[in-house]
Amino acid sequence: MRPRNWTFYVQLAGFAGFCAFAVAANGWFVWRAAASYRLGDAWLPAVVMGSIIGPIFIILSWIISRLFFKIALRKTKSGKSPAPLEIFPEEEVLVAPIFEAPTGGFLATMAVLTCVSLWAIFAWCYQMYYGLAVTGLNNPVFWGFYITNFVFFIGISHAGTLISAILRIVQAEWRRSITRSAEVITVLVLVFGAGNIILDLGRPDRALNVFLAGRFQSPLMWDVCSITTYLIGSTLYLYLPLIPDIAILRDRAQGWRKPLYELLSLNWSGSHEEREVLEKCIAIMAILVIPVAVSVHTVVSYVFSMTVQPMWHSTIFGPYFVVGAIFSGIAALIIAMAVLRKGYGLENHLRAIHFENLGKLLLVMCCLWFYFTFSEYLTTWYGGEPEHMVIFNLKISGPYAPAFWLMAVTCFVVPFGVLVSPLGKTVRGTVIASSTVIVGMWLERFLIVVPTLIRPRLPYTTGGYTPSWVEISLFAGCISTFVMLYAMFTRVFPIVSIWEVREGKEQAEGEVVARIRTYFPS
């Protein structure tokens, strides 16, 4: 066993804490099922949800235990601290943002983002003091910007973990430079997606009622379980490939960074045994997070499709939401990569081929999105049910027609036209297409949420919705805080995985040599 210092005890506490959390999570499902049974309520949904979520937390606990016992507790052959890990000259550009002083442009950008975030905090405090009356929400339009942003942000979260996991499983070698930038998007944007639900509640303390008295018959409870599981799994999936890179930084860092990297590197030395353990854990996580990610946006769609509201009650909503999520996620990833490439001079690592390949994926998702959208609206139009046609006409030719047709242009016409042209093979072309997709997908989420609530089927007064300055401010604050946290991450950890790129080069060289020996005369 390695020498025991403060990092050992903190790591031990983290390992024990997560295991205790996993046990508590499984116990919570049992407690809720028992409470429902005693009250004569349906207890089976809690059992079913627990039987799905519980094993996932057990697997996550097993992975963390492997990290702790096989890496963190592993003693080096010399019995001393791990030998310093080398940074090659071509990798210096990847660690330069961490150890070099920030530029004036970076500081100015962070100052602007901070001001926007502080204004959003003021708007939230204003809402907390005066209540939801300061928003545009009303009866019957009880969902607006906050729920739109919730669905939008949860969709963008598919940029990282899902795309990264799929590319890792199919062994797409070009993924190595882009996976981390995608995975960071997932973890951060999930927090803001869930945070918009807190904003919509008005009183944050009411969120405790979900855990104390939530009913598992409700899709809202399914949302809580799936998003929480996805956030925890995505965070672990981001952290695993970070361990070798943190160890590299540990050996160069000074000041406050030194103890941070020593804690997070888990005593990593880069041995063959450690690599085997880490790669096995990453492989398991890659398989595990895919169904969890798909379930997240499917369950989000159930919040709408499980009702009998016109143009919500649709069996196509599950795959429709997943396709839209991946569509917007790829677009967000392309934009983030372009900014990182330009801002940190990563042209040698984030090359045009990466944008071209992601552009192909974006084109496929663009066509799938058009197919699902066309099928949804064609079925509604052909059926001609009066309740559905009212909402249909609101979108096609009514007050929401400008937003609808702008959505069609930005989600299909522009990206399809750009991506099938030679411009689609360039960085500029993919960024243009992605930028329009982000705008269009937000409009699509808005058009799903609001118009249906405008015209209630019961004899209520026809509603209307105009977002207030509070809602707009909080939306801007979410975006600015996300960008600010993403930028801060790049100043602490490498945004391109050093060890994965290095490993890919080694494997590629070995494969070339093996092919020459096999297929060509010596």
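All letters in the sequence shown, in the order written, are residues 136 to 657 by the working numbering. We treat Cβ as the ideally placed atom computed from N, Cα and C, and that holds for glycine.
Check                                                                                                                      : Outcome
Gln306 versus Val429: straight-line alpha-carbon distance, rounded                                                         : 20 Å
Straight-line gap, Pro454 to Leu220 (C-alpha atoms, nearest Å)                                                             : 45 Å
Contact check, Trp516 vs Phe507, beta carbons under 8 Å                                                                    : no
Alpha-carbon spacing of Arg350 relative to Ala148, whole angstroms                                                         : 33 Å
4-residue-minimum alpha helix (DSSP H) runs that sit fully inside the stretch 283-338, ordered along the chain             : 296-304 and 314-336
Validate contact between the stretch 535-549 and the stretch 253-261 using beta carbons, cut 8 Å, 3 pairs                  : no
Cut-off 6 Å between Cβ atoms - residues of its own chain near Arg303, not counting five sequence neighbours on either side : Ala421
CA-to-CA distance, Glu520 to Pro376, given in whole angstroms                                                              : 52 Å
Per-residue burial, Glu411 [other beta carbons within 10 Å of its own, 16 or more giving buried]                           : exposed
Validate contact between the stretch 436-447 and the stretch 392-404 using beta carbons, cut 8 Å, 3 pairs                  : no
Tyr486, DSSP secondary structure in three states                                                                           : The displayed chain sequence assigns Arg, not Tyr, to residue 486. Here Arg486 sits in coil by DSSP.
Alpha helix (DSSP H) segment containing Leu343, residue limits                                                             : Leu343 to Ala348
Asn140 versus Ile362 - alpha carbon distance                                                                               : 36 Å
Inter-residue spacing [alpha-carbon to alpha-carbon] between Glu638 and His484                                             : 14 Å
Uninterrupted alpha helix (DSSP H) stretches inside the stretch 540-569 (no shorter than 4 residues)                       : 549-554
The stretch 490-503 / the stretch 558-575 touching (three or more Cβ pairs under 8 Å)                                      : yes
Assigned secondary structure, Ile614 (DSSP; H/G/I helix, E/B strand, else coil)                                            : helix
Short Cβ contact (8 Å threshold) for Leu503 with Leu554                                                                    : no
Residue of Pro224, Ala568 and Asp380 minimising C-alpha distance to Gly405                                                 : Asp380
Start-to-end residues for the alpha helix (DSSP H) that takes in His523                                                    : Pro521 to Ile531
Beta-carbon proximity check, Trp259 vs Leu202, cutoff 8 Å                                                                  : no
Arg652 (DSSP reduced to helix, strand or coil)                                                                             : helix
Test item: CB-CB of Ile461 and His293 under 8 Å                                                                            : yes
Extent of the continuous alpha helix (DSSP H) run through Phe277                                                           : Run containing Phe277: none; DSSP gives neither H nor E here.
Residue environment, Val434, which counts as buried when at least 16 other CB atoms sit within 10 Å                        : buried
Terminal residues of the alpha helix (DSSP H) in which Tyr396 lies                                                         : Arg392 to Leu399
Backbone secondary structure at Thr244 - three-state DSSP                                                                  : helix
Option nearest Gly271 by Cα separation, candidates Leu582, Gly599, His523 and Ala467                                       : Gly599
CB contact flag (Leu208, Ala157, <8 Å)                                                                                     : no
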